[in-house]
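So in the numbering used here, spot 10 of the sequence shown is number 10, and the numbers just go up one at a time.
Note that beta-carbon positions come from the ideal geometry of N, C-alpha and C, so glycine has one too.
Predicted, not measured: the structure shown is a model, and the values here were computed from it.
See below for the structure under consideration.
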Amino acid sequence: MCSKVKDFLTDDDFINYVLGVTPQSASQWETYFREHPEEMADAEEAKAVLLAPADVACDFSIAENKILKDRIVSSIKDFSDIL
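And the structure:
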């Protein structure tokens with residue numbers, strides 16, 4: 001997995017965008033990808049990882065996988081608390 005994909009996978013704003021946690025971020029990311037179309041392939045790969053079933057293999061270690069999952073859950077919880 002290339003480093004740009006990992007960058008997307010560890011970006012809270014991107015995670016929220018993919019998971020639909022913050023709908024207002026959609027237009028920001030769509031604008032970003034219009035301005036940086038060369039990053040679409042990496043973003044799509046990251047999106048596929050985020051939306052994949054839990055048993056899909058990726059290049060993260062077990063510890064990295066747990067950290068990422070915890071960040072995603074925490075991010076969703078934090079957003080839910082705001083509402």
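Where residue i falls: helix, strand or coil (DSSP)
i	result
residue 19	helix
residue 24	coil
residue 52	coil
residue 10	coil
residue 33	helix
residue 74	helix
residue 3	helix
Residue from the options whose Cα sits closest to the Cα of residue i
i	options	result
residue 7	28, 23 and 50	50
residue 52	39, 69, 63 and 37	69
Whole-angstrom distance between residue j and residue i, CA atom to CA atom
i	j	result
residue 66	residue 28	28 angstroms
residue 35	residue 74	30 angstroms
Within 7 angstroms, strictly: CB atoms of residue i and residue j
i	j	result
residue 3	residue 16	no
residue 5	residue 46	yes
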